[in-house]
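Protein sequences, first through last, are from chains R and L.
Residue numbers for the first sequence follow this note's numbering, beginning at 762 and rising by one.
Residue numbers for the second sequence follow this note's numbering, beginning at 987 and rising by one.
First the structure, in the form of structure tokens, and then the observations on it.
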Amino acid sequence: DAGVTQSPTHLIKTRGQQVTLRCSPISGHKSVSWYQQVLGQGPQFIFQYYEKEERGRGNFPDRFSARQFPNYSSELNVNALLLGDSALYLCASSLNSPLHFGNGTRLTVT
Amino acid sequence: DAKTTQPPSMDCAEGRAANLPCNHSTISGNEYVYWYRQIHSQGPQYIIHGLKNNETNEMASLIITEDRKSSTLILPHATLRDTAVYYCIVRVVDYGQNFVFGPGTRLSVLP
Chain R
762 DAGVTQSPTH LIKTRGQQVT LRCSPISGHK SVSWYQQVLG QGPQFIFQYY
812 EKEERGRGNF PDRFSARQFP NYSSELNVNA LLLGDSALYL CASSLNSPLH
862 FGNGTRLTVT
Chain L
987 DAKTTQPPSM DCAEGRAANL PCNHSTISGN EYVYWYRQIH SQGPQYIIHG
1037 LKNNETNEMA SLIITEDRKS STLILPHATL RDTAVYYCIV RVVDYGQNFV
1087 FGPGTRLSVL P
């Protein structure tokens, strides 16, 4: 069975640009969440979506937004990129618990 | 969610059991103990979780003390591929996905 898939795997952007990251959950999983992992730290929760509605938000600025589609896939958008946004962005899905993570998108902001 | 404390790093000889401790002295009665690991450049991988009884699956065993204030993840026969950062997390079982990851324990399995 396919796990959580994310695209692209790597991305390089310039400060001030906007980026969209994509996630397809495990088949049958209706809830997805996004995490940011800065080098050397554990993942940090950004958003959770369930049935297309936001169910949780972490301590991130409004430059970060997300949405979930009818097929339960999800996009994470980050506007006005800063150097500090360089990180591994992880998507996870679940039916209830536990979370199942994809391998992430490595975003580098120059 | 309760806070956890783990040693920053541990070594283990290949083929031996790896015992990774976690302290969660403020755990609530309805909070489970979860373990994840993250191999370099990959997403976190779920290992096991439990409430108060010891749990075992194909990957590992989870031993939770009777007072639930600490737990140990046991990898019975560590291999080089078990080298990773191991995260212990406590939280309730609900539909929320806001898991709080600490810095974890970096396990190095040595040949």
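Idealized CB from N, CA, C, for every residue including glycine.
| said: Using the three-state DSSP reduction, which class does R:Asp-846 fall into: helix, strand or coil? | reply: Helix at R:Asp-846.
| message | Taking the alpha carbon of R:Ile-807 as the reference point, which residue from R:Val-765, R:Leu-851, R:Ser-858, R:Thr-775 has its own alpha carbon closest? | response | Taking R:Ile-807 as reference, the option from R:Val-765, R:Leu-851, R:Ser-858, R:Thr-775 with the minimal CA-CA separation is R:Leu-851.
| Through-space distance from L:Gly-1029 to R:Leu-800, alpha-carbon basis | R:Leu-800 and L:Gly-1029: Cα-Cα distance of roughly 13 Å.
| request: Give the C-beta separation of R:Arg-776 and R:Leu-842 to the nearest angstrom, bearing in mind that I take them to be a contact with Cβ-Cβ under 8 Å. | output: Indeed, because the Cβ distance is near 6 Å, the residues count as touching under 8 Å.
| Taking all protein chains shown into account, do 16 or more other C-beta atoms lie within 10 angstroms of the C-beta of R:Thr-866, making it buried, or fewer, making it exposed? | So R:Thr-866 ends up on the buried side.
| request: Can you give me the start and stop residues for the beta strand (DSSP E) that R:Lys-813 sits inside? | output: First-last for R:Lys-813: undefined, no H or E at that position.
| So, using beta-carbon positions, are L:Gly-1082 and R:Gln-829 closer together than 8 Å? | Not in contact: L:Gly-1082 and R:Gln-829 (Cβ atoms no closer than 8 Å).
| beta strand (DSSP E) containing L:Glu-1044: first to last residue? | Annotation for L:Glu-1044: no beta strand (DSSP E) segment contains it, and DSSP assigns it neither H nor E.
| message | My assumption, with CB atoms under 8 Å, is that L:Phe-1085 sits in contact with R:Leu-860. Please give the rounded CB distance. | response | Contact between L:Phe-1085 and R:Leu-860 holds, since their C-beta atoms are separated by about 6 Å, short of 8 Å.
| request: Check the C-beta distance from R:Phe-825 over to R:Val-839 and give it rounded, since I have them as a contact under 8 Å. | output: Going by Cβ atoms, the distance from R:Phe-825 to R:Val-839 rounds to 6 Å, so yes, they are a contact pair.
| said: So L:Val-1095 and L:Leu-1048 are supposed to be a Cβ contact under 8 Å. How far apart are they, rounded? | reply: Contact flag wrong, Cβ pair sits at about 19 Å.
| message | At the level of alpha carbons, what is the spacing between L:Asn-1039 and L:Cys-1008? | response | Cα-Cα distance, rounded: 16 Å.
| query | What are the boundary residues of the beta strand (DSSP E) that R:Ile-773 is part of? | reply | The continuous beta strand (DSSP E) containing R:Ile-773 extends over residues 771-774.
| message | Taking 8 Å as the threshold (C-beta atoms), are R:Leu-868 and R:Lys-791 in contact? | response | Against a cut-off of 8 Å, the Cβ pair of R:Leu-868 and R:Lys-791 comes out as no contact.
| Contact list for L:His-1035 against chain R, beta-carbon separation under 8 Å | Within chain R, the residues near L:His-1035 are Ser-858, Pro-859.
| field | 8 Å contact criterion, which L:Ile-1033 and L:Ala-1046 should meet: CB distance rounded | value | Their Cβ separation, rounded to whole angstroms, is 5 Å, which keeps L:Ile-1033 and L:Ala-1046 in contact under 8 Å.
| In chain order, what residues of the same chain lie with their CB nearer than 8 Å to the CB of L:Tyr-1018, ignoring the 5 residues before and after it? | Closer than 8 Å at the Cβ level, and outside the excluded window around L:Tyr-1018, lie His-1035, Gly-1036, Leu-1037, Val-1076, Arg-1077, Val-1078, Val-1079.
| field | One or two residues paired with L:His-1035 in a DSSP bridge | value | L:His-1035 pairs with L:Tyr-1020.
| query | Shortest alpha-carbon distance to L:Phe-1087 belongs to which of L:Arg-1023, L:Ile-1060, L:Leu-1006, L:Leu-1061? | reply | Measuring from the Cα of L:Phe-1087, the nearest candidate turns out to be L:Arg-1023.
| query | Under a CB-based cut-off of 8 Å, is L:Gly-1029 close to chain R? | reply | By this cut-off, L:Gly-1029 is an interface position.
| Going along chain R in order, which residues have a C-beta closer than 7 Å to the C-beta of L:Gln-1083? | Chain-order list of chain R residues neighbouring L:Gln-1083: Ser-792, Ser-794, Gln-809, Gly-817, Ala-853, Ser-855, Leu-860, by C-beta distance under 7 Å.
| task | Would you please verify whether the beta carbon of L:Gly-1088 is less than 8 Å from any beta carbon of chain R? | result | For L:Gly-1088, the answer is yes, since a Cβ of chain R falls inside 8 Å of its Cβ.
| said: Could you compute how far the alpha carbon of L:His-1063 sits from the alpha carbon of L:Ser-1011? | reply: Cα to Cα, the separation comes out at about 28 Å.
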